[in-house]
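A.B. asks:
2 protein chains.
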Amino acid sequence: MSETFGRFVRDRRERLRESDATFSVRQVAHRIGVEPSFLSKVERGEAPPPSEAKIVALARELGEDPDVLLALAGKVSSDLQTVIRRRPELFAALIRELKNMPDRAVLRLVREVRDGDW
Amino acid sequence: MSETFGRFVRDRRERLRESDATFSVRQVAHRIGVEPSFLSKVERGEAPPPSEAKIVALARELGEDPDVLLALAGKVSSDLQTVIRRRPELFAALIRELKNMPDRAVLRLVREVRDGDW
DNA sequence: CAGATCGTGTACTATGTAGTACATACTCTA
DNA sequence: TAGAGTATGTACTACATAGTACACGATCTG
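Respectively, the protein sequence lines represent chains A and B.
Letter by letter, the first sequence follows residues 670 to 787 of our numbering.
Letter by letter, the second sequence follows residues 670 to 787 of our numbering.
(1) Does any residue of chain A have a CB that is nearer than 8 Å to the CB of aspartate 736 (chain B)?
(2) Give a yes or no on whether the minimum CB-CB distance between leucine 767 (chain B) and chain A is below 8 Å.
(3) Using only CA atoms, which one of A:Ala740, A:Ala761, A:Ser693, A:Asp680 lies nearest to serine 720 (chain A)?
(4) Looking at the unbroken alpha helix (DSSP H) that takes in arginine 713 (chain A), where does it start and where does it end?
(5) Do isoleucine 724 (chain A) and alanine 742 (chain A) have their beta-carbon atoms positioned less than 8 Å apart in this structure?
(6) Could you please give the first and the last residue of the uninterrupted alpha helix (DSSP H) stretch that includes aspartate 748 (chain B)?
(7) Let me know the secondary structure DSSP gives alanine 774 (chain B) once reduced to three states.
(8) Might you give, ordered along the chain, the residues of its own chain that have their beta carbon closer than 7 Å to the beta carbon of lysine 710 (chain B), omitting 5 neighbours on each side?
(9) Note down, in chain order, every chain B residue with its Cβ under 7 Å from the Cβ of glutamate 758 (chain A).
(10) Would alanine 728 (chain A) pass as a contact of proline 718 (chain A) if the rule is Cβ separation under 8 Å?
(11) Closest to leucine 767 (chain B) by C-alpha separation, out of A:Val775, A:Pro771, A:Lys768, A:Asn769, would be which residue?
(12) Just to confirm, are valine 615 (chain A) and glutamine 750 (chain B) a CB contact at a threshold of 8 Å?
(13) Are the C-beta atoms of valine 678 (chain B) and some chain A residue less than 8 Å apart?
(14) What did DSSP end up calling leucine 678 (chain A) once you bin it into helix, strand or coil?
(15) Is glutamate 704 (chain A) helix, strand or coil when you go by DSSP?
(16) Take glutamate 730 (chain A) and list the residues in its own chain whose beta-carbon comes closer than 7 Å to its own, dropping the five residues that flank it on each side.
(17) Isoleucine 753 (chain B) versus chain A: which residues are under 8 Å apart at the beta carbon?
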């Protein structure tokens, strides 16, 4: 485990801090509902990433995509898991089929479904 | 939680047992690598479902779809999670888009990708 | 009817998850 | 130069996960 999650969070937070002093470990920790020492450890990779709820709050705080931050933490959003669990065969087949497809292929499907004639 | 996992497993195992005496709690437990008392508790919903690896072994043993059994256990196969984590935005968008689509729509996509002109 | 096999009850445990609480030392800044 | 704010080190904890170990009484079988 290369602990890219912590590095990423620290990087984004410090960048935001350059123009906004409220992005200290203490204040961000307080806003997402954890102790500063814990956030500090997380950012330095000394503690594993926090729970899904805290990660989502952190993403909102940092202006990042929650799904991306969750992915860096080695997690998948529980609402996506719920969708898959409701129709496991169908979604398992689809996801495995798309596993090695290029981004543009997946994106094409997304658009096809979104504004398609269904 | 209505513990449908345990009920399902017990049902399948007992059905198989009618024609094959080796499908006792003890022997199946031994084959999937857990203690009989644990499998017994799981089947009666007194213990939560086992780990992913044991569930997959159990599915193989019972001739059931691993993804379905995992879903009943409230889990999503870790290999699917890995696929999603590699491209979180893309897959999150696709899955959320398909959340309320009928089975046939999803199935159409699967086939489109499988034997499509990509 | 003895021995094997069966399901299950009870007690226990190791590891991981998700943090808190508090103290300490550093660094701006008014 | 005092005090406000800052990051981090140390120690601890509650709860969940994923089981094992062993004994017991019931039942089946040769």
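Note that the Cβ used here is the ideal one computed from N, Cα and C, for glycine as well.
For clarity, every value in this text was computed on a predicted model and none was experimentally measured.
C.D. replies: From the atom records:
(1) yes
(2) yes
(3) A:Ala740
(4) Element bounds for arginine 713 (chain A): n/a, residue is neither H nor E.
(5) yes
(6) 747-755
(7) helix
(8) Ala716
(9) Asp734, Asp736, Val737
(10) no
(11) A:Val775
(12) Residue 615 (chain A) lies beyond the stretch modelled for chain A, which goes from 670 to 787, so this question has no answer here.
(13) no
(14) Residue identity differs from the one stated: residue 678 (chain A) is valine in this sequence, not leucine. Three-state DSSP puts valine 678 (chain A) in a helix.
(15) coil
(16) Val697, Arg700, Ile701
(17) Ala740, Val745, Leu749, Ile764
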